[in-house]
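Student:
There are 2 protein chains.
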Amino acid sequence: MAKAEHPSEQEGGAIRRRNEQAILAAAERVFARHGYRGASLQAIAEVAGLPKSNVLYYMGSKRTLYVRLLERMMERWNAMLDDISAEDDPAEVLAAFIRSKMQMSRRHPEGSRLFASEILGGAPFLQEYLRGELRDWVQSRAAVFREWADRGLMDPVDPVWLIFLIWSSTQHYADFEAQVLGITGREALDDDDLEQITAFLTRVVIKGCGVKHPAARGEDPVSLTGR
Amino acid sequence: MAKAEHPSEQEGGAIRRRNEQAILAAAERVFARHGYRGASLQAIAEVAGLPKSNVLYYMGSKRTLYVRLLERMMERWNAMLDDISAEDDPAEVLAAFIRSKMQMSRRHPEGSRLFASEILGGAPFLQEYLRGELRDWVQSRAAVFREWADRGLMDPVDPVWLIFLIWSSTQHYADFEAQVLGITGREALDDDDLEQITAFLTRVVIKGCGVKHPAARGEDPVSLTGR
DNA sequence: GTCAAAGCTGACCATATGGTCAAGAATCAA
DNA sequence: TTGATTCTTGACCATATGGTCAGCTTTGAC
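Note that the protein sequences, when read in sequence, are chains H and R.
So the mapping is simple: this note's numbering equals the position in the first sequence, first residue as 1, plus 299.
So the mapping is simple: this note's numbering equals the position in the second sequence, first residue as 1, plus 299.
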């Protein structure tokens, strides 16, 4: 019978692992580009360099393949978002927050677009996650932000809108890559561009929310270190 | 023969106009939700309350229907983005910019999502527009922002990243509506929420970019009027 | 009322879709 | 070598896709 409960666990032989990886990578690209309905198993199979039957053999169905990709992406999210507490330095936390979200857009652009496509389509598969886990996560961070505001470490802005601001402005560089490249006239954004954008966003958010350093509370609203 | 060169011009009888409107509205919804490939004429026809043949009769093909929707959306964009000059008040211009973009997300959420879907898919139909018209528009605004920075009216931030910041953070409330609603636990965002978000974004951007009022250049970095 | 133009739509077509299956090929522990 | 397990894949199926078309009805100017 079955060996493990978690299908996402790495199991099976080397062949299986290799083929599954190829299929997952191909599927992420195709789903991201065309959405769930618009993606075809034929196209995924071609990108993966396998016959369509083989894709079905490993993944069972289009639906389970798609769900598996979403779950993998959510794992990446969860791995990124470590804990914070009200004792931490707001500027550092916000900077780290922006940086890690920006790196997510950089390292997993297809995954980011897959996620965006799912939400754009009304989040038919992620409703539960959004209203559950993710909501709790946001609420807990919001509570920390509020405490910072109460302590005078930052302006009393609405924490949820702030989180959305950071999410959107970083996610943008994955989801709207085609627009960014078209307008800037580049072939691709390099590490230097990303570093610049990260610095810009960090600066605007920290300064815009009046974040102060806990030690020197009086002034010096922005330190803005490159790293 | 043909009567006009511009197919987007309103022409034809009342019946045509009415049916075309119904089809365009339905198609915008379906395309926004499922992308170009994922949308089916059958689904569009059902939403419009017409037989599939009738959709083809008016629109010719799926492709032309889609292109027509994109063109309509680009017209809305162009209508929104009026001219600015370096003589204007930076704070006012940025505030108006954010406000109008926010209203676009509010008034045309389906259109915004349609646009997002197109970009997400690599902008196969909008490459020309992005690298041409829109790029010119961005460059001209960027020049104004730079002049403001030179005059000391705002920090010397990269104007293009600033424009992307405003675009993404406002567009977010249309494209990621499902996420926003799921996390906030609401059924919909009302006018009051939107007003609050607009004020928040305006505040963060203006303060975050160190925008000063031209008259009182010394201090008062944020006036933050509700309207 | 006449009649051409516009509107309407079910039947139809070639193709593509997600998915099944059976039968063979490769792998590997014993 | 054996035998069981895993892997591979072309043939096949029901359905859905975008699009065509012929023939019908409705509309509106005269």
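Every residue gets a Cβ at the ideal spot worked out from N, C-alpha and C, and that includes glycine.
Are there 16 or more other CB atoms within 10 angstroms of the CB of G431(R), so buried, or fewer, so exposed?
Tutor: Exposed is the call here.
Student: Within the continuous alpha helix (DSSP H) that includes K361(R), where are the two ends?
Tutor: K361 to M379 is the span of the alpha helix (DSSP H), which, as asked, contains K361(R).
Student: Kindly confirm or deny that the segment 446-461 of chain R and the segment 440-454 of chain H touch, where touching means at least three C-beta pairs closer than 8 Å.
Tutor: Too few Cβ pairs lie closer than 8 Å, so no.
Student: Are any of the Cβ atoms in chain H nearer than 8 Å to that of A477(R)?
Tutor: True, the Cβ-Cβ gap to chain H drops below 8 Å.
Student: What do you get for T501(R), buried or exposed, if any count of 16 or more other CB atoms within 10 angstroms of its CB means buried?
Tutor: By the 10 Å Cβ count, T501(R) comes out buried.
Student: Would G420(R) and H333(H) be called neighbours here (beta carbons separated by less than 8 Å)?
Tutor: Yes, the pair counts as a contact, with Cβ atoms nearer than the cut-off.
Student: Do you know how far the Cα of V346(H) is from the Cα of F463(H)?
Tutor: Each residue's Cα considered, the two are about 34 Å apart.
Student: Quick one: give me the first and last residue of the alpha helix (DSSP H) that L323(R) is part of.
Tutor: Run containing L323(R): A313 to G337, per the alpha helix (DSSP H) assignment.
Student: My output table needs one value for D474(R): the three-state DSSP class, helix, strand or coil.
Tutor: Note: D474(R) maps to helix in three-state DSSP.
Student: Suppose only complete runs of 4+ residues qualify. What are the alpha helix (DSSP H) ranges in the segment 387-462 of chain R, listed by chain order?
Tutor: Runs of the alpha helix (DSSP H) inside the segment 387-462 of chain R: 389-406, 408-419 and 434-449.
Student: So, with DSSP's three-state summary, where would you put S384(H)?
Tutor: S384(H) falls in the coil class under three-state DSSP.
Student: Is any beta-carbon of chain H found at less than 8 Å from that of S467(R)?
Tutor: With 8 Å as the cut-off, S467(R) counts as an interface residue toward chain H.
Student: At a CB-CB cut-off below 8 Å, which residues of chain H make contact with V459(R)?
Tutor: I482 and T483, listed in chain order.
Student: Give the secondary structure of R485(R) by DSSP, where H, G and I count as helix, E and B as strand, and everything else as coil.
Tutor: The answer is coil: DSSP assigns R485(R) none of H, G, I, E or B.
Student: Could you tell me whether the segment 410-427 of chain R touches the segment 356-369 of chain R, using the rule of 3 or more Cβ pairs below 8 Å?
Tutor: Verdict: yes, contact present.
Student: Buried or exposed for A442(R), going by 16 or more other Cβ atoms inside 10 Å?
Tutor: Exposed, since its Cβ has fewer than 16 Cβ neighbours within 10 Å.
Student: Near A321(H), what residues of its chain come up, given a Cβ to Cβ distance below 6 Å and the 5 sequence neighbours on each side ignored?
Tutor: Same-chain partners within the cutoff: A347.
Student: Can you round the beta-carbon distance between R434(R) and G484(H) to whole angstroms, since I take them to be within the 8 Å contact cut?
Tutor: Contact flag correct, Cβ pair sits at about 7 Å.
Student: How is V510(R) classed by DSSP in three states: helix, strand or coil?
Tutor: Three-state result, V510(R): coil.
Student: Which residues, in chain order, does the segment 322-337 of chain H contribute to contact with chain R at a C-beta distance below 9 Å?
Tutor: Cβ contacts with chain R: A331, R332, H333, G334, Y335, R336 and G337.
Student: I'd like to know if H471(R) contacts chain H, where contact means its C-beta is closer than 8 Å to some C-beta of that chain.
Tutor: Interface residue, yes.
Student: Is the CB-CB distance between S467(R) and S467(H) below 8 Å?
Tutor: In contact: S467(R) and S467(H) (Cβ atoms closer than 8 Å).
Student: So is D474(R) in contact with chain H if we call contact Cβ pairs under 8 Å?
Tutor: Interface residue, yes.
Student: For V503(H), would you say it is in contact with chain R, using Cβ-to-Cβ distances shorter than 8 Å as the test?
Tutor: At least one chain R Cβ lies under 8 Å of V503(H).
Student: Any C-beta of chain H sitting closer than 8 Å to the C-beta of K506(R)?
Tutor: Closer than 8 Å: yes.
Student: Does the beta-carbon of Q341(R) have 16 or more other beta-carbons within 10 angstroms, so that it is buried, or is it exposed?
Tutor: Burial call: exposed.
Student: Following the continuous alpha helix (DSSP H) through L349(R), name the residue where it begins and the one where it ends.
Tutor: No alpha helix (DSSP H) holds L349(R); DSSP gives it neither H nor E.
Student: Could you give the C-beta distance for A390(H) and V510(H), rounded to a whole number, given that I count them as a contact under 8 Å?
Tutor: Yes, they are in contact, since the Cβ atoms of A390(H) and V510(H) sit about 5 Å apart, within 8 Å.
Student: How big is the Cα-Cα spacing for D382(R) and C508(R)?
Tutor: Between D382(R) and C508(R), the C-alpha separation is close to 21 Å.
Student: With a threshold of 8 Å between beta-carbons, can A415(R) be considered close to chain H, or not?
Tutor: A415(R) counts as touching chain H.
Student: Can you find a CB in chain R that lies within less than 8 Å of the CB of A344(H)?
Tutor: No - not a single Cβ of chain R is within 8 Å of the one on A344(H).
Student: Using beta-carbon positions only, say whether G337(R) and G337(H) come within less than 8 Å of one another.
Tutor: Yes, Cβ-Cβ distance for G337(R) and G337(H) is below 8 Å.
Student: Looking at chain H, which residues of the segment 489-501 of chain R have a Cβ within less than 8 Å of any of its Cβ atoms?
Tutor: Answer in chain order: Q495, I496, F499 and L500.
Student: Within this structure, are the beta carbons of V392(H) and V503(R) separated by less than 8 Å?
Tutor: Contact flag unset, no.
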